[in-house]
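>
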Amino acid sequence: MPQLAATLKAAGDPLRLEILRLLSQDSYSVLELCRIFELRQPALSHHLKVLAQAGLVSKRREGNNLFYRRTAGSVLLQQLFSGLDQLPLSASRAATVDQIASERAEASRRFFADYGNRFREQQELIASYSVYGPQVAQLLKPGRHALEVGPGEGEFLEELANRFGTVTALDLSETMLTRAQAFADERGLQNIEFVCDDTRAAASRPESADCIVVNMVLHHTPEPAQIFHDLQKALKPGGQLLITELHDHAQDWARDACGDLWLGFAPQQLVDWAADAGLSRGRSEHSALRNGFQVQIQEFLKR
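So that you can map any letter, position 217 of the sequence shown is 217 in full-length UniProt numbering, and since no number is skipped, the others follow by simple counting.
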């Protein structure tokens with residue numbers, strides 16, 4: 001009871017409730033939160049400290065920045081927050097959130113436009129396709145239609161084309177999509193549709209995919225949580241979502257060298273995002289690499 005009272009006291013402030021509402025779906029740096037709430041950093045840091053001490057938010061350091069996200073909390077707190085999460089942000093704050101998302105996405109697009117020709121070289125620094133590709137292929141459940149988000153050089157499209165009647169390759173970068181299409185043409189893969197767009201395009205085709213694969217993409221995206229929601233809509237009931245990602249790490253050089261927006265993810269973070277989108281956890285595999293990185297392959301299912 002004393003702990004619950006302290007937690008409710010920490011949340012019992014209109015501004016802190018707004019912060020908790022915002023942090024339910026994504027993590028933000030202190031500077032980004034200052035922009036959204038139009039506060040000076042000392043004032044915002046005070047509110048974040050109160051929330052952190054009460055266990056309502058967690059933080060992670062990426063380079064010189066601290067990013068905050070709301071914690072899952074107890075069942076009681078989840079029930080209390082379910083109502084909070086239905087409340088909309090003010091128009092001005094929602095506009096700033098959209099602007100930050102656009103800036104993050106543009107940074108990722110610029111990287112792949114500028115460094116697309118060096119993509120394979122940079123990826124080899126972290127985790128080459130040969131490290132995870134065959135393992136992901138073994139988890140595939142063949143069906144009528146598959147979707148790959150961010151196909152990169154296109155290698156995994158061959159695995160999908162041989163197991164599914166039709167395949168869609170979806171990528172926000174025209175540069176990378178062109179490279180994937182060139183690989184498919186070279187291998188004579190005729191059943192692949194190439195779409196230059198984000199995952200909202202997948203969500204616009206509800207219950208169309210038996211299987212969706214996302215290999216080493218989420219750490220390049222500004223809003224991973226939203227991607228889970230979009231892909232859940234695109235999956236058929238009983239459909240399979242396979243996510244390959246890095247474990248959370250502290251090698252900040254990956255930002256500049258590889259265009260990473262996130263320094264990997266804790267496995268539970270992916271599980272939480274998937275559960276929030278209505279997906280259940282399936283199989284998982286984890287592989288440690290010689291260069292200090294660790295790869296996770298997680299399967300999620302739509303019931």
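Even for Gly, the Cβ is constructed at its ideal location relative to N, Cα and C. Nothing here was measured: the structure is a model prediction, and the numbers come from that model.
Closest by CA to L15, which one among S90, L241, S130, E223?
Considering only alpha carbons, the answer is S90.
> Can you list, in chain order, the residues of its chain with a C-beta nearer than 6 angstroms to that of Q294? Leave out the 5 residues immediately preceding and following it.
For Q294, where only same-chain residues beyond five positions count, the Cβ hits under 6 angstroms are H247, A288.
> From which residue to which residue does the alpha helix (DSSP H) around F37 run?
30 to 37 is the span of the alpha helix (DSSP H), which, as asked, contains F37.
> Using a Cβ-Cβ cut-off of 7 angstroms (strictly less than) and excluding sequence neighbours within five positions of A209, which residues of its own chain qualify?
So the qualifying residues of the chain are H145, A146, L147, A234, L235, K236, G239.
> My understanding is that G143 touches F164, with C-beta atoms under 8 angstroms, so please give their C-beta distance in whole angstroms.
About 6 angstroms; that satisfies the 8 angstroms criterion.
> My output table needs one value for T71: the three-state DSSP class, helix, strand or coil.
Correct three-state label for T71: coil.
> If I follow the unbroken beta strand (DSSP E) through F194, where does it start and stop?
That run of the beta strand (DSSP E) goes 192 to 196.
> Have a look at L301 and D198 and give me their C-alpha separation to the nearest angstrom.
In a straight line, the C-alpha of L301 is about 21 angstroms away from that of D198.
> Going by DSSP in three states, K141 sits in which element: helix, strand or coil?
Of the three classes helix, strand and coil, the one that applies to K141 here is coil, per DSSP.
> Out of curiosity, what's the CA-to-CA distance linking W273 and Q41?
In a straight line, the C-alpha of W273 is about 28 angstroms away from that of Q41.
> Cα separation between D230 and A275?
Their Cα atoms are separated by approximately 13 angstroms.
> From F228 to A107, what distance separates their C-alpha atoms?
Roughly 21 angstroms between the two C-alpha positions.
> Which residues share a DSSP beta bridge with F265?
H247.
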